[in-house]
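Quick note, the sequences are listed as chains A and B, same order.
Quick note: the first sequence uses our numbering, first residue 3, plus one each step.
Quick note: the second sequence uses our numbering, first residue 3, plus one each step.
Virtual Cβ for every residue (Gly too), placed ideally from N, Cα, C.
Number of protein chains: 2
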Amino acid sequence: MKIQLENVKPADIEKRSFAIITQELGARQLPAENESVIKRVIHTTADFDYVDALRFSPDAVAKGIRALQEGACIVTDTQMAYSGVSKPALAKLGGQAFCFMADEDVAQSARERGVTRAACCMEKAAALGKDCIIAVGNAPTALVRLYELMEEGKIAPRLIIGVPVGFVNVVESKELILAQDKAPYIVARGRKGGSNVAAAICNALLYQATGRSL
Amino acid sequence: MKIQLENVKPADIEKRSFAIITQELGARQLPAENESVIKRVIHTTADFDYVDALRFSPDAVAKGIRALQEGACIVTDTQMAYSGVSKPALAKLGGQAFCFMADEDVAQSARERGVTRAACCMEKAAALGKDCIIAVGNAPTALVRLYELMEEGKIAPRLIIGVPVGFVNVVESKELILAQDKAPYIVARGRKGGSNVAAAICNALLYQATGRSL
Numbered sequence: 003m004k005i006q007l008e009n010v011k012p013a014d015i016e017k018r019s020f021a022i023i024t025q026e027l028g029a030r031q032l033p034a035e036n037e038s039v040i041k042r043v044i045h046t047t048a049d050f051d052y053v054d055a056l057r058f059s060p061d062a063v064a065k066g067i068r069a070l071q072e073g074a075c076i077v078t079d080t081q082m083a084y085s086g087v088s089k090p091a092l093a094k095l096g097g098q099a100f101c102f103m104a105d106e107d108v109a110q111s112a113r114e115r116g117v118t119r120a121a122c123c124m125e126k127a128a129a130l131g132k133d134c135i136i137a138v139g140n141a142p143t144a145l146v147r148l149y150e151l152m153e154e155g156k157i158a159p160r161l162i163i164g165v166p167v168g169f170v171n172v173v174e175s176k177e178l179i180l181a182q183d184k185a186p187y188i189v190a191r192g193r194k195g196g197s198n199v200a201a202a203i204c205n206a207l208l209y210q211a212t213g214r215s216l
Numbered sequence: 003m004k005i006q007l008e009n010v011k012p013a014d015i016e017k018r019s020f021a022i023i024t025q026e027l028g029a030r031q032l033p034a035e036n037e038s039v040i041k042r043v044i045h046t047t048a049d050f051d052y053v054d055a056l057r058f059s060p061d062a063v064a065k066g067i068r069a070l071q072e073g074a075c076i077v078t079d080t081q082m083a084y085s086g087v088s089k090p091a092l093a094k095l096g097g098q099a100f101c102f103m104a105d106e107d108v109a110q111s112a113r114e115r116g117v118t119r120a121a122c123c124m125e126k127a128a129a130l131g132k133d134c135i136i137a138v139g140n141a142p143t144a145l146v147r148l149y150e151l152m153e154e155g156k157i158a159p160r161l162i163i164g165v166p167v168g169f170v171n172v173v174e175s176k177e178l179i180l181a182q183d184k185a186p187y188i189v190a191r192g193r194k195g196g197s198n199v200a201a202a203i204c205n206a207l208l209y210q211a212t213g214r215s216l
C-alpha cells in the first residue's frame, strides 16, 4: 500500500487545517464573534459536534478577550489544561495560569471533607482574590462548586469556560452554568469536552487578545 | 429550572462512569484484552466513536503492559499528554515519562531543517537508547518520523500509541503505522485522537500494569 502524504510546511499546517475545517463547514454559518473559538475546538478534537454543542452567553468571547487584555489570570481544573494554555501569550498580557490540583492543602481539604479536589480548587481560586477566567475541562464537581461560590458571592469570574467531560453530573453541571446570569460563559453542552477543549478555548481567546492571526 | 445532581462520592465517580459506559455499550462486545483501554478512552472523551476507531495489533495491550512492568519509559509528543500520564503509577514500575517539545536543541534543529519540533522529538527519543512506549497524541509529523526511524533501524518502540488528531496527514500517518509490522500499536483510525486520548491509553496500561482495579 502506498500512502501519500500532503506536503505542507510546518509553519503552514495550522493554516491548512483551518482551511479544511472552513471548507467542511460548507454553507454552515458560524456567528462571527464565536468562529475562532469553535474552529479551534474542532482543530483540537476533529469533532464537528462542537459546532452545535458550544454555547456562548452574549458577548462571551469579547468579554473573555477584554479580561485577558486587562491581565486576568486563568485557573484550570487539571494539569493537562494548564499545560495546554499558551503561557507565552498569557505572559504578554501580564496574566498568569494556575492549577491547584496538585497542592497539598487541596488534597487534605478534599480528604477531610469528602469532596473532590477539583471542588476545593475552586475555593482556592475564590480565595486568590484575583480577576480570573475559570476553565473547567474535566470535573463537573468543580463547575458545581464554582456555581455555589458565585451564589454565595465569593467569586465573580470574568468568564467561565465550562467544558467538563463524562458521565456523572457532567450534563447537569453545565446546565447549572447555562441557567445562571452572574458570569459570562462558554459551555460545551452535553457530555463532551475535556482538558484539551478547555485549553483550546483559552488559546483561541489568548490569540485574539494578543493579535495573533489564527 | 431545577437541576438534579446525582449523589456520588468522589471515590466512586470513576466507577460509576465506567458502569454507565458499560451499560450504554449494551450488547456490543469488546475484546476482553482491549476493553479497559477502549473504556478509558470513552471515559476521557465521552465519544463512543472510539469503539470502532481504536485498532490494536495482536497482543498490543499485553505487550504494552509487559514493557511498562519491565520499566519502559513513555515518550509523548506534547506537554499535555506528558501531564496526563500517571507519574505515580509509572514511578512504581521504575519507568519515567519524557517530552522533548520544549527543549531548546529540538527547537533549533526544527528551525534549521524546516521540520516540525515533534519530528525532532522522535529523533531525540531514538537517541535516548531506552526501551520506550511512544505516545503521539497530536502531531502526525511525529508519527511519520517515527515510522522512518523504525525503517532505518534507529528505534524499536515496545509499543506505539498513535492517536494524533486533526486534518493534515493525520489519517495517513496512522495508516503508515497500521501497515507496518515492526512494532505493536494502538491506533485511533481516522481524524480523531488527542493528547488526552494518548494519556488515557497510557494510563489504562499503567493501571493494569500496577494492578489498580479500573
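Closest by C-alpha distance to residue 191 of chain B, out of B:103, B:37, B:55, is B:55. For residue 80 of chain B, the CB contacts under 7 Å within the same chain, skipping 5 residues up- and downstream, are 101, 103, 139, 140, 197 in chain order. Interface flag for residue 183 of chain B against chain A is unset, since no Cβ pair is found closer than 8 Å.
The alpha-carbon of residue 160 of chain B is positioned some 7 Å away from that of residue 186 of chain B. Per DSSP, reduced to three states, the secondary structure at residue 20 of chain A is helical.
The beta-bridge partner set that DSSP reports for residue 78 of chain A consists of A:101, A:137. In this structure the region 171-187 of chain B touches the region 55-70 of chain B; the number of beta carbon pairs closer than 8 Å is three or more. Secondary structure of residue 29 of chain B (DSSP, three-state): coil. By the criterion of at least three beta-carbon pairs nearer than 8 Å, the region 126-133 of chain B is not in contact with the region 18-36 of chain A. Boundaries of the alpha helix (DSSP H) around residue 40 of chain A: 37-47.
Secondary structure note for residue 113 of chain A: its alpha helix (DSSP H) is the uninterrupted segment 106-115. Under the three-state reduction of DSSP, residue 67 of chain B is assigned to helix.
For the region 27-61 of chain A, the beta-carbon criterion of a distance under 8 Å to any beta-carbon of chain B is satisfied by 45, 46, 47, 48, 49. One Cα belongs to residue 93 of chain A, the other to residue 205 of chain A, and the distance between them is close to 13 Å. Pairing residue 135 of chain B with residue 74 of chain B gives a Cβ-Cβ distance under 8 Å. Within a 10 Å sphere around the beta-carbon of residue 11 of chain A sit fewer than 16 other beta-carbons, which makes this residue exposed. Under the Cβ distance rule, residue 19 of chain A counts among the residues neighbouring chain B, one pair being separated by less than 8 Å. Counting along the chain, residue 190 of chain A sits inside the beta strand (DSSP E) bounded by residues 187-190. Residues of chain B with a Cβ closer than 7 Å to the Cβ of residue 171 of chain A are, in chain order, 7, 8. Residues of chain A whose Cβ lies closer than 8 Å to the Cβ of residue 201 of chain B are, in chain order, 82. Residue B:97 holds the alpha-carbon nearest to the alpha-carbon of residue 212 of chain B among B:48, B:6, B:84, B:97. Per the DSSP secondary-structure output, residue 164 of chain B pairs in a beta bridge with B:138, B:189. In this structure, residue 164 of chain B sits away from residue 199 of chain B, with a CB-CB distance that is not shorter than 8 Å.
Among the bridge pairs identified by DSSP, residue 56 of chain B is matched with B:190. If you draw a straight line from the Cα of residue 195 of chain A to the Cα of residue 118 of chain A, it comes to about 19 Å. Pairing residue 5 of chain A with residue 88 of chain B, the inter-Cα distance amounts to about 34 Å. Residues of chain B whose Cβ lies closer than 7 Å to the Cβ of residue 117 of chain A are, in chain order, 12.
Residue 94 of chain B: member of the alpha helix (DSSP H) spanning 89-94, first to last residue. Residue 90 of chain A and residue 143 of chain A have their C-alpha atoms spaced approximately 30 Å apart.
Chain B has a Cβ within less than 8 Å of the Cβ of residue 193 of chain A.
In the three-state DSSP reduction, residue 172 of chain B falls in the helix class (H, G or I). Here residue 210 of chain A is buried. Its C-beta has 16 or more other C-beta atoms within 10 Å.
Proximity to residue 66 of chain B across B:171, B:137, B:181, B:215 peaks at B:137, based on C-alpha coordinates. In the displayed model, residue 5 of chain A falls within coil according to three-state DSSP, outside both helix and strand.
Leaving aside the five residues that flank residue 99 of chain A on each side, the residues in its chain whose CB is nearer than 7 Å to its CB run, in chain order, 75, 76, 78, 84, 87, 89, 92.
Sixteen is the threshold: since fewer than 16 other Cβ atoms of the shown chains lie within 10 Å of the Cβ of residue 61 of chain B, the residue is exposed.
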